[in-house]
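First up is the structure itself, then whatever we jot down about it.
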Amino acid sequence: MQRNTRQRQAIQKAFSHAGRPLGPREVLEAAVTVVPGLGIATVYRTIKELVDAGEIVPVELPGENTRYEVSGKHHHHHFHCNKCSGVFEVEVCNFDATVPKGFRLEDHEVILYGLCDNCAPGRKTK
Ligand SMILES: [Zn+2]
Ligand SMILES: [Zn+2]
19 MQRNTRQRQA IQKAFSHAGR PLGPREVLEA AVTVVPGLGI ATVYRTIKEL VDAGEIVPVE
79 LPGENTRYEV SGKHHHHHFH CNKCSGVFEV EVCNFDATVP KGFRLEDHEV ILYGLCDNCA
139 PGRKTK
């Protein structure tokens, strides 16, 4: 298999296995176990290719570096861990808004902040 193809597949897999948005650093950490010697420049280039191909989409959080996730997911929200900076997916949407009379709500964006399972104090040790 061609080196480029292997790199690309390893990066695609990193996203699909993570099931949550990943930044380039996190992608590198996951993919380098499959493709030793993989560099951050290649990760950035491949991410750009995957975005252009519509396979992944950027996830923008205010004040944060862009992360990316697999495209075509149904409506969901993101949870940002204040400690490890991990971003996780929240599938349940309970968000309800009352908009002024005459307005028509079309979409919403909600970001939840807190501590992830790994970082929350009192986490049960398995
Ligand atoms: Zn955390
Ligand atoms: Zn929602």
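Just add 18 to the spot in the sequence shown (first one is 1) and you have my numbering. Heads up, the beta-carbon is just placed ideally off N, CA and C, and yes, glycines get one too.
CA nearest to the CA of residue i, picked from the options
{"i": "L133", "options": "C102, L79, A32 and L56", "result": "C102"}
{"i": "V108", "options": "P118, G120, L123 and D135", "result": "D135"}
{"i": "I74", "options": "H98, H93, Q30 and N22", "result": "Q30"}
{"i": "N100", "options": "Y131, G57, K66 and A36", "result": "Y131"}
{"i": "E78", "options": "D70, A32 and H96", "result": "H96"}
{"i": "E67", "options": "H35, V53, Q27 and V117", "result": "Q27"}
Integer-rounded CB distance, given that residue j should sit under 8 angstroms from residue i
{"i": "F113", "j": "H126", "result": "6 angstroms"}
{"i": "Y62", "j": "P42", "result": "6 angstroms"}
Delimiting residues of the beta strand (DSSP E) encompassing residue i
{"i": "L79", "result": "It is not in any beta strand (DSSP E) - L79 carries neither H nor E in the DSSP assignment."}
{"i": "F106", "result": "V105 to V108"}
{"i": "E87", "result": "R85 to V88"}
Endpoints, alpha helix (DSSP H) assigned at residue i
{"i": "R43", "result": "P42 to A49"}
{"i": "L67", "result": "According to the sequence as given, residue 67 is Glu; it is not Leu. Unbroken alpha helix (DSSP H) run through E67: I58 to D70."}
C-alpha distance - residue i paired with residue j, whole-angstrom precision
{"i": "G104", "j": "H98", "result": "6 angstroms"}
{"i": "L123", "j": "Y86", "result": "26 angstroms"}
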